[in-house]
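Protein chains in written order, with the numbering used here: chain A, 1 to 353; chain B, 1 to 275.
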């Protein structure tokens, strides 16, 4: 009885599986696959705006590999030439690291029809055409306007006496960690882009440490700190703006007089891919005006295509508009990459005191 | 007979060897290798112990581990004594209450602390309401918060270890000590404590090792400026991409736990009148 039953079960399973295998085999002959490594946020919206139309247009299956920057970079590095990833999305610092490690290949920008529509900062953020900025993140200031009377206008205000004990900044080991030093340099009257001046910023870090409740490593932590009323004033990353507004506390978002730190989200082609043509088509597609506009309207990403236009209420939530774009300061990621170890150690030393 | 026993043990041994001993050996080896040349080197360890930050973090980790273990011993001993003396049925119920905290998710449990300790939390609101303080005090992101959170987390382990040791102490031993003139405290210190020393060693080892390796609680209650070895380990590996530095921290953690276990065993109170 039992044997009979399991035999028939096996037959049933085979009957179900065989057609699936053969369908897949025949499909493989026509449909190619592109493996894209990305963050995994808003995947439903990305599927609507990018995956589905692109798959249909090019008869391609996109397979996503998702995770945060450091996880995916570690995986890519560990897999070496055996990686199946064709295209990879990173925040600026990690893209630079991937470039330095030789994991990326040059993008043939002449093959990109929409290339000229990109802002200049997005055209070659890594140098040597190793990546394209397909979205822009920024790092500005936010504060509790109901609790802080005198308006916040400058990065130097992080050191103001009336906010002591209510400030938080990103931890040095995060994407915008080095921005602390760079913008303090600007606050001290130095040139934020000149490595020679960065010492001026470092000199203010002990004072900054005295102002802090704690540092944060991810935006969700910062949001919780505002909700718990532990923090009144901090730098924030633009992608968290919508979530910060939902906390229900009275917040004022500021473009400080020294400027805002910009960080392009970079898309690159993985060194040695066998699908370079598809990878180029994918990049061209996601920097096109239509796709960038759809992504902006859904608040997935801030556009780097100059032609994208969005209504005022949406624009407020994005890194968008002339005033904001003009105020962007871009960190020299390659120089910072070299300094990271030293800066981490120095930062820890001050913060642990 | 002997052969059957060794065959029966084999699967567990193999499992432990493949999934515990081997990875630890790899880790150990990696911490002594130069990441670039692959040659044997001590630089990872020299770097670690020379850096002022690692010294501060190491001392803090040890200090917190010891403090938490001592607090746990002081809190758990009287409770375990009472529990071990309870009638069996009531004891089963009481013990399930003791282990209740172990059944809640550590992240949820730690966030519950934020609600109690936060600026708008229970304690601050109560103190404000009573007029004892004028403005909310900072209670989280301090060493005190880490101690509180980890003590609560590990108290059940200490109680379980002590109760199982005390259960085996015959009741009349204590009565004998009393009838020979020892008062309650002397009987407890000279009879109960030495006879439950095995449970004490086990509990202290579990609590200390747990405290120095805990991750979630120090991160949420201590924040990023209260780095401990476990949080430093994550920073080295995930943020700084310093694999060797990370393995060094991991090895230092393991060796510290083993060393403390050894020391606790050596210091264990021995029954004075035996033999």
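The beta-carbon is built from N, C-alpha and C at its ideal position, and this holds for glycine as well.
For the ligand MN, any of its heavy atoms closer than 7 Å to the Cβ of residue i?
i	result
residue 151 of chain A	Among the ligands in the structure shown, none appear at all, so the ligand MN cannot be discussed.
Listing by chain order, which chain B residues have their CB less than 9 Å from the CB of residue i?
i	result
residue 228 of chain A	114, 115, 118, 119, 120, 121, 140
residue 352 of chain A	52, 53, 56, 57, 60, 225, 226, 227
residue 56 of chain A	Those do not exist, as residue 56 of chain A stays about 38 Å from chain B at its closest Cβ, beyond 9 Å.
Kindly indicate the opening and closing residues of the alpha helix (DSSP H) around residue i.
i	result
residue 289 of chain A	289-297
residue 163 of chain B	143-166
residue 260 of chain B	243-267
residue 88 of chain A	Premise fails: residue 88 of chain A lies in the beta strand (DSSP E), 87-91, not in any alpha helix (DSSP H).
residue 43 of chain A	43-46
Identify, in the order they occur along the chain, each residue of the same chain with its Cβ nearer than 6 Å to the Cβ of residue i, setting aside the five sequence neighbours on each side.
i	result
residue 104 of chain A	98, 130, 268, 271
residue 15 of chain B	none
residue 30 of chain B	247
residue 41 of chain B	34
residue 262 of chain B	none
residue 227 of chain B	57
residue 184 of chain A	201, 204
residue 171 of chain B	none
residue 12 of chain B	none
residue 351 of chain A	209
residue 42 of chain A	300
residue 174 of chain A	217
Take residue i as the anchor and find which of the options has the nearest alpha-carbon.
i	options	result
residue 229 of chain B	B:150, B:125, B:62	B:62
residue 235 of chain B	B:256, B:53, B:105, B:119	B:53
residue 256 of chain A	A:310, A:167, A:329	A:329
residue 87 of chain B	B:167, B:182, B:180, B:216	B:167
residue 313 of chain A	A:299, A:323, A:322, A:243	A:299
residue 128 of chain A	A:191, A:100, A:321, A:188	A:100
residue 104 of chain B	B:83, B:154, B:131, B:145	B:154
residue 68 of chain B	B:158, B:199, B:252, B:175	B:158
residue 179 of chain A	A:54, A:240, A:345, A:336	A:336
residue 113 of chain B	B:89, B:217, B:60	B:217
residue 76 of chain B	B:203, B:224, B:215	B:203
residue 73 of chain A	A:54, A:58, A:96	A:96
residue 176 of chain A	A:51, A:238, A:109	A:238
By Cβ distance, which residues of its chain are closer than 8 Å to residue i, with the 5 residues on each side in sequence left out?
i	result
residue 99 of chain B	156, 160
residue 338 of chain A	none
residue 68 of chain A	39
residue 118 of chain A	132, 133, 287, 304, 305, 306
residue 186 of chain B	177
residue 296 of chain A	302, 303, 308, 310, 314, 318, 320
residue 25 of chain A	For residue 25 of chain A, the predicted model reports a pLDDT of 47, less than 50, meaning its position is unreliable; a value from the coordinates is still stated below. The answer is none, since no qualifying residue turns up.
residue 242 of chain B	236
residue 49 of chain A	291, 294, 295, 298, 300
residue 173 of chain B	191, 195
residue 146 of chain B	64, 217, 218, 221, 222, 226, 228
What is the residue span of the beta strand (DSSP E) that residue i lies within?
i	result
residue 68 of chain A	Element bounds for residue 68 of chain A: n/a, residue is neither H nor E.
residue 198 of chain B	From DSSP, residue 198 of chain B is part of no beta strand (DSSP E) but of the alpha helix (DSSP H) over 197-213.
residue 32 of chain A	32-38
residue 75 of chain B	Element bounds for residue 75 of chain B: not the beta strand (DSSP E) but the alpha helix (DSSP H), 52-85.
residue 91 of chain B	Where residue 91 of chain B is concerned, there is no enclosing beta strand (DSSP E), although the alpha helix (DSSP H) it sits in stretches over 88-98.
residue 236 of chain A	233-237
residue 262 of chain A	260-270
residue 144 of chain A	132-144
residue 252 of chain A	251-254
residue 121 of chain A	That residue, residue 121 of chain A, is in no beta strand (DSSP E); its alpha helix (DSSP H) goes 120-123.
residue 330 of chain A	328-330
Which residues in the same chain as residue i place their Cβ atom closer than 7 Å to its Cβ, once the five residues preceding and following it in sequence are excluded?
i	result
residue 234 of chain A	142, 167, 168, 169, 222
residue 85 of chain A	35, 37, 65, 76, 270
residue 196 of chain B	162, 165, 166, 169
residue 267 of chain B	none
residue 281 of chain A	58
residue 60 of chain B	228
In chain B, what lies closer than 8 Å to residue i by C-beta?
i	result
residue 213 of chain A	138, 141, 223
residue 349 of chain A	52, 53
residue 414 of chain A	Residue 414 of chain A is absent from the structure shown; chain A starts at 1 and stops at 353.
Give the interface partners of residue i over in chain B, defined as CB-CB distance under 7 Å, in chain order.
i	result
residue 217 of chain A	224
residue 342 of chain A	Neighbours of residue 342 of chain A on chain B: none; closest Cβ ~11 Å, over 7 Å.
Q.
For the pair the stretch 134-145 of chain A and the stretch 294-305 of chain A, tell me if three or more CB-CB distances fall below 8 Å.
A. Taking a cut-off of 8 Å on C-beta distances, the stretch 134-145 of chain A touches the stretch 294-305 of chain A, as three or more cross pairs fall below it.
Q. With a cut-off of 8 Å, do at least 3 Cβ pairs link the stretch 113-123 of chain B to the stretch 229-249 of chain A?
A. Taking 8 Å as the limit for Cβ pairs, the verdict is that the stretch 229-249 of chain A does touch the stretch 113-123 of chain B.
(Q) Closer than 8 Å is the cut-off here; do at least three beta carbon pairs connect the stretch 179-190 of chain B with the stretch 92-112 of chain B? (A) No, because fewer than three Cβ pairs between the stretch 179-190 of chain B and the stretch 92-112 of chain B fall closer than 8 Å, the two stretches do not touch.
**Q.** Validate contact between the stretch 143-152 of chain A and the stretch 109-124 of chain A using beta carbons, cut 8 Å, 3 pairs
**A.** no
Q. Do three or more CB pairs link the stretch 202-217 of chain B to the stretch 143-153 of chain B at distances below 8 Å?
A. With the cut-off at 8 Å, the stretch 202-217 of chain B and the stretch 143-153 of chain B touch.
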